[in-house]
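Going letter by letter, the sequence shown gives residues 4 to 229 in our numbering.
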Amino acid sequence: MLQKFARFLKVLVLGLLIFVAVYVGGFYALSLVPSTGYSLEEQEKEQDTTEKIVVYLSTNGVHTDFVVPVTTEVLDWHTRIAVPSKAIRWLAFGWGDRGFYIDTPTWSDLSVSTALTALSGIGESAMHVSAYTQIVEDEDVVPLTLTPKEYQALVQYIDASFEKSENKYQRIEVEGYGAYDAFYQARGSYSLFYTCNTWVNQGLKQINQKAALWTLHDQGIFRHYK
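This is how it looks when you write it as structure tokens:
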């Protein structure tokens, strides 16, 4: 009996190690492969003949956000988000696991149950919206120049990720990380195979920008902009 259990345990551990190796190797390899909607030549041709809208990709080293202007001809976000001040010019949207966002303000607050729930894909998701008066470009903040058509597609992608009631975003009544951020109910599930960065990467594909074939990590996105 003990020999059978030892054999089973050995096979289980070996299987787990193989899975981890394939998982890590797979997502790293796929993050190196670029994926774009159409050719750079076509993008440049369209951008030369249309008005441009600048948005940003922003990372804190782990998590990537889309940062968009509050007001454009395409959309005034005041109509959908309670912008906290007239001085606010930019809104950052980040999708992710609700437990990670709300119950884990710092890494020291991360619990095993929160991590397992998130990775399993059974937890709820949330949209984190942060407001800024200005954006400073650096290695963690990359500008994207979009046509109005591309920006409209990005707006639709972000909007479709919100959970709505009577066509209104549903704010989660909890404190944010600071004075100018809030959480909203979102659609979809975070999992071992679909993270906050996967959400941004999928959005980049939707708007014909440089993206990874598939990625779980922020650097899987940002390496294509260096």
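All residues carry an ideal CB built from backbone N, CA and C; glycine is no exception.
Check	Outcome
Is D102 near D68, with beta carbons less than 8 Å apart?	According to the sequence provided, residue 102 is Gly. The question's Asp does not apply to it. The answer is no: Cβ separation not under 8 Å.
Under 8 Å Cβ to Cβ from G64, same chain only, skipping five residues before and after it: list those, please.	D143, D221
Look at the alpha carbon of L157 and the alpha carbon of G206, and state the distance between them as a whole number of angstroms.	7 Å
Whose C-beta lies closer than 8 Å to the C-beta of I125 among residues of the same chain, with five residues either side of it excluded?	S192
Considering Cα atoms alone, identify which of T201, N200, I56, P87 is closest to G181.	P87
For A214, is the classification buried or exposed, using 16 other Cβ atoms within 10 angstroms of its Cβ as the cut-off for buried?	buried
Can you pull the DSSP bridge partners for I56?	L149
Within a Cβ cutoff of 7 Å, which residues of the same chain sit near Y41, ignoring the five residues on either side of it in sequence?	With a pLDDT of only 47 at Y41, under the threshold of 50, the placement of this residue in the model should not be trusted; the figure read from the coordinates follows. Excluding residues within five positions, the ones whose Cβ falls inside 7 Å are N211.
Excluding the 5 residues preceding and the 5 following L43 in the sequence, name in chain order all residues of the same chain whose CB lies nearer than 6 Å to its CB.	Residue placement at L43 cannot be trusted, given a pLDDT of 49 that sits under 50; the coordinates are not used to answer.
Would you say V77 and V58 are within 8 Å of each other, going by their C-beta atoms?	no
Just tell me which of I91, E54, Q173 has its CA closest to the CA of A134.	I91
Based on the DSSP output, what are the partners of A1 in its beta bridges?	A question about residue 1 goes unanswered here, because the residues of the chain that appear run from 4 up to 229.
Could you compute how far the alpha carbon of R3 sits from the alpha carbon of P151?	No answer is possible for residue 3: the residues shown for the chain start at 4 and end at 229.
Should F196 go down as buried or exposed, given a rule of 16 or more other Cβ atoms within 10 Å for buried?	exposed
Is V132 near A95, with beta carbons less than 8 Å apart?	yes
Give the secondary structure of G181 by DSSP, where H, G and I count as helix, E and B as strand, and everything else as coil.	coil
Does DSSP classify Y90 as helix, strand or coil?	Before going further, note that residue 90 is Ala rather than Tyr in the sequence given. A90: coil per DSSP, three-state reduction.
Which residue's Cα is closest to the Cα of D106: I175, D141, R83, A163?	I175
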